[in-house]
Amino acid sequence: MANTSLLDIYIRNAEQSGTNVAALVKQDGRYQERSWKQLVDASRETASALLAHGVKPGDRVNIVSNTRLEWVITDLAIAYAGGISVPVYPSSMADECSHICKDSGSVIAFAEDEKQVEKLSSVRGEIGDLRLVVQMTGTPVSSDGWVIGWKDFIAKADTSRDAAELQKRREDIDKDSPFTLIYTSGTTGRPKGVVLTHDAIAYEAEAIEAINVLRQDDIQLFFLPLSHSFGRVLESGWLSCRFIMAFGESMNTIRDNLGEVRPTVMCGVPRVFEKFYSAVVQKGTAGGGAKAKLFDLAVELSQKNGEAGVQGKSLGLRDRLAFTVLKRLVFAKVGAGLKELLGGRMRILVSGGAPLSPKISWFFRDAGLEILEGYGLTETTAASFVNRPNLNHIGTVGQPLPGTQVKIAGDGEILIKGRGVMKEYWNNREATDEVLKDGWLATGDIGTIEKDGTLKITDRKKDIIVTAGGKNVAPQNIENLIKTHKLVSQAVVHGEKRKYLTLVVTLDPDVLKQTAKELGFGNGSIEELTQRPEIEKLVHNWIDEVNTKLASYEGIKKFSILDHDFTIEGGEMTPSLKIKRKVVNERYKKVFDGMYETA
Numbered sequence: 064m065a066n067t068s069l070l071d072i073y074i075r076n077a078e079q080s081g082t083n084v085a086a087l088v089k090q091d092g093r094y095q096e097r098s099w100k101q102l103v104d105a106s107r108e109t110a111s112a113l114l115a116h117g118v119k120p121g122d123r124v125n126i127v128s129n130t131r132l133e134w135v136i137t138d139l140a141i142a143y144a145g146g147i148s149v150p151v152y153p154s155s156m157a158d159e160c161s162h163i164c165k166d167s168g169s170v171i172a173f174a175e176d177e178k179q180v181e182k183l184s185s186v187r188g189e190i191g192d193l194r195l196v197v198q199m200t201g202t203p204v205s206s207d208g209w210v211i212g213w214k215d216f217i218a219k220a221d222t223s224r225d226a227a228e229l230q231k232r233r234e235d236i237d238k239d240s241p242f243t244l245i246y247t248s249g250t251t252g253r254p255k256g257v258v259l260t261h262d263a264i265a266y267e268a269e270a271i272e273a274i275n276v277l278r279q280d281d282i283q284l285f286f287l288p289l290s291h292s293f294g295r296v297l298e299s300g301w302l303s304c305r306f307i308m309a310f311g312e313s314m315n316t317i318r319d320n321l322g323e324v325r326p327t328v329m330c331g332v333p334r335v336f337e338k339f340y341s342a343v344v345q346k347g348t349a350g351g352g353a354k355a356k357l358f359d360l361a362v363e364l365s366q367k368n369g370e371a372g373v374q375g376k377s378l379g380l381r382d383r384l385a386f387t388v389l390k391r392l393v394f395a396k397v398g399a400g401l402k403e404l405l406g407g408r409m410r411i412l413v414s415g416g417a418p419l420s421p422k423i424s425w426f427f428r429d430a431g432l433e434i435l436e437g438y439g440l441t442e443t444t445a446a447s448f449v450n451r452p453n454l455n456h457i458g459t460v461g462q463p464l465p466g467t468q469v470k471i472a473g474d475g476e477i478l479i480k481g482r483g484v485m486k487e488y489w490n491n492r493e494a495t496d497e498v499l500k501d502g503w504l505a506t507g508d509i510g511t512i513e514k515d516g517t518l519k520i521t522d523r524k525k526d527i528i529v530t531a532g533g534k535n536v537a538p539q540n541i542e543n544l545i546k547t548h549k550l551v552s553q554a555v556v557h558g559e560k561r562k563y564l565t566l567v568v569t570l571d572p573d574v575l576k577q578t579a580k581e582l583g584f585g586n587g588s589i590e591e592l593t594q595r596p597e598i599e600k601l602v603h604n605w606i607d608e609v610n611t612k613l614a615s616y617e618g619i620k621k622f623s624i625l626d627h628d629f630t631i632e633g634g635e636m637t638p639s640l641k642i643k644r645k646v647v648n649e650r651y652k653k654v655f656d657g658m659y660e661t662a
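Position in the sequence shown (first residue = 1) + 63 = this note's numbering.
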């Protein structure tokens, strides 16, 4: 049977490599192995239970859970039963859960724990099609049968009884039928359901295998949300390349899990790499003195060397000699420390989901670790472009995956065509017609194609700021530069139809405390420390330095430090850690306005 779907690839793994280790999961305080056969058997049993609970071909089934092995098992089980999986971020508020369940018309939901069950229960009256909730862990407290535990759910499974029907449903899968509905993270409004077909998902799996970045002997640490398309493409790559996937316990345990698993591959959003970068910089500059000055100089020359390379130039003789010495004195130690921090065996780092500052990529490269940046949208089944080890063009998102076409529209917008492009937005023909024309997807991103075929992203089309003077400003570039300071957590540029640009900044609480301690005023709350004049001066000096690298109309004239960081729970960030620009601009309108009133 041809690989019509990811399900075929999954079952192939069990048939050809059944006893091979497929996954590592933390249980009873240690990582334990799971084979491909164990995974597929579990999915087949779950699919049988879905049939027993009345799931028909084409039915939508929600998964409301953090990333865990059971998520993947359930996802493939839904496909096995002929259904369509509909993930919901576990961090989503109840009204968003209601919207996704209602819009998709889901009939069953798998909820990770009591917390997720409570969320669904609070909107039960709004989601009439949802007839059953399966609590994946713990014991349900519901007594009316709407919520059942995993044991009661799986008790109805009988794979012998359902063998013929499951085989029929597998054979009936059409390459153009939906595999999943992934709802966009809603940076600009209500999430829309992106319909990704079996063929689109299978294409991603095949393309990732074809570029030979991942190997069968790799071990990958997996912590990204499977509710996001980036997480789903990692699932596809894992099944196609057949390496070992180690499931992290949470985003908060990444460092511990790295030491336990000692992976060779790690994929993350830029915030993950920014955190590692900040930790290394904080350690390198701790205590001040000559050591800190050498470290700062090494970071500065790393950036200058990278910028010179972009321009096809090299460092001047003096800087080149200094950088050669600092590579031995600083970066050799930094590289050893980074590799140890990452488990000691790291081979490949991949960043996606949002732009990564080239400064961080150059720093990692000079420390002996390459970060391969990629690009894609939910609407393109995540990955459409990625840098390769033999062509890592820092500052770009690499070349297209095999079979993906790209062109640049007259206004600079990136257009993509290929098997990975979505079928449509669920129940939204108008929105579909806005972005899909003759198979070409309008991405909403502005970019250019470089001479080596790599793609350089400028910014989101909707995020471009047009100043009062008519200048077009790409805020993400400025924000990414600002965020490379160890103190800075988040930065948002403002200036639409204004005479100049302003900025709100949030600070990293841990680095802030350490900095305050080094400056001699370590006691105090985060709210108090953010308002200290010494901290304000550090940020001010950094912004002045960044301004020297920008065009005059891109410079930040005024800024304000907020007394708290942005969070998913606070509503300023999406579950994939992207800034909700509209929310920030509205919520901090008085802060922004105040920076113009005194001009």
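Idealized CB from N, CA, C, for every residue including glycine.
N- and C-terminal bounds of the alpha helix (DSSP H) containing Ala77: Per DSSP, the continuous alpha helix (DSSP H) segment holding Ala77 begins and ends at 69-80.
Proximity test, Cβ basis, 7 Å: Phe310 and chain D: The chain labelled as chain D is not found in the depicted structure, where only one protein chain is given.
Arg278 versus Phe242: straight-line alpha-carbon distance, rounded: Cα to Cα, Arg278 sits roughly 26 Å from Phe242.
CB of Leu544 within 7 Å of CB of Val498, strictly: In this structure, Leu544 sits away from Val498, with a CB-CB distance that is not shorter than 7 Å.
Beta-carbon proximity list for Arg224, same chain, < 8 Å, skipping 5 on both sides: Counting only Cβ-Cβ distances below 8 Å, and skipping sequence neighbours, we find Ser111.
For Asp607, the first and last residue of its enclosing beta strand (DSSP E): Careful: Asp607 lies outside any beta strand (DSSP E), inside the alpha helix (DSSP H) at 596-610.
CA nearest to the CA of Leu419, picked from Arg233, Leu564, Val335, Ile619: Comparing Cα positions, the closest option is Val335.
Expected contact under 8 Å - CB spacing of Ile434 and Ser447 to nearest Å: That pair is no contact at about 18 Å.
Alpha carbon of Gln79 to alpha carbon of Ser414, nearest angstrom: Cα to Cα, the separation comes out at about 31 Å.
Rounded C-alpha distance that separates Met658 from Thr630: About 24 Å.
Three-way DSSP call (helix, strand, coil) for Gly507 in this model: DSSP places Gly507 in strand when its eight states are reduced to three.
Enclosing beta strand (DSSP E) for Lys470 [first to last residue]: Where Lys470 is concerned, the enclosing beta strand (DSSP E) stretches over 468-471.
C-beta contact flag for Thr109 and Ala263 at 7 Å: No; because the gap between Cβ atoms is not below 7 Å, this pair is not in contact.
DSSP bridge partner residues for Val413 (one or two, in chain order): In the DSSP output, where bridge partners are listed per residue, Val413 has Cys330, Leu435.
Those runs of the alpha helix (DSSP H) which lie wholly inside the segment 532-600 and span at least 4 residues: Complete alpha helix (DSSP H) runs here, min 4: 538-545, 572-581, 589-592.
CB-CB length for Asn450 against Glu436, believed under 8 Å: Here Asn450 really is in contact with Glu436; their C-beta atoms are around 6 Å apart, less than 8 Å.
Span separating the alpha-carbon of Glu298 from that of Ala268: Straight-line Cα distance between these residues: approximately 9 Å.
Same chain, Cβ closer than 8 Å to Ala353, neighbours up to 5 away in sequence not counted: Result list for Ala353: empty, nothing under 8 Å.
From Gln374, Ser365, Glu133, residue whose alpha carbon lies closest to that of Arg391: Looking only at Gln374, Ser365, Glu133, the smallest Cα-Cα distance to Arg391 is reached by Ser365.
Of the residues Gly583, Ile619, Asp382, the one placed nearest Tyr563, counting alpha carbons only: A check of alpha carbon separations from Tyr563 across Gly583, Ile619, Asp382 identifies Ile619 as the nearest.
Reduced DSSP secondary structure (H/G/I, E/B, other) of Ala65: A caution first: Ala65 carries a pLDDT of 48, below 50, which makes its placement in the model too unreliable to give a value.
First through last residue of the alpha helix (DSSP H) which encompasses Met658: Met658 -> alpha helix (DSSP H) spans 652-660.
For Glu617, the nearest candidate out of Val551, Ala537, Lys560, Ser588 (CA to CA): If we check each option's Cα against that of Glu617, Ala537 comes out closest.
Inter-residue spacing [alpha-carbon to alpha-carbon] between Val149 and Asn368: In a straight line, the C-alpha of Val149 is about 46 Å away from that of Asn368.
Under 7 Å between C-beta atoms of Met485 and Val124: Not a contact, by the Cβ cut-off of 7 Å.
6 Å CB neighbourhood of Thr82 in its chain, flanking five on each side removed: For Thr82, where only same-chain residues beyond five positions count, the Cβ hits under 6 Å are Ser98.
Euclidean distance between Cα positions of Glu177 and Asn129: Approximately 13 Å between the Cα atoms of the pair.
CA-to-CA distance, Asp281 to Phe310, given in whole angstroms: Between the C-alpha atoms of Phe310 and Asp281 there is a straight-line separation of about 14 Å.
Classification of Ser161 by the beta-carbon crowding that lies within 10 angstroms, buried from 16 upward: Buried, by the Cβ-count rule.
Unbroken beta strand (DSSP E) run spanning Tyr152, endpoints: No beta strand (DSSP E) contains Tyr152, which DSSP labels as neither H nor E.
His261 vs Ser68 beta-carbon contact at 7 Å: The answer is yes: Cβ separation under 7 Å.
Every unbroken beta strand (DSSP E) inside the segment 272-342 [3 residues or more]: You should have 282-285, 307-310, 328-331.
Identified DSSP bridge partners for Ala445: For Ala445, which the question treats as bridged, DSSP gives the partners Leu440.
Contact set for Ala342: own chain, Cβ-Cβ below 8 Å, skip 5 residues either direction: Answer for Ala342: Leu404, listed in chain order.
Beta strand (DSSP E) runs wholly inside the segment 450-500, at least 3 long, in chain order: Runs found: 468-471, 476-480.
Of the listed residues Tyr152, Gly331, Leu321, nearest to Tyr94 (C-alpha basis): The option with the nearest alpha carbon to Tyr94 is Leu321.
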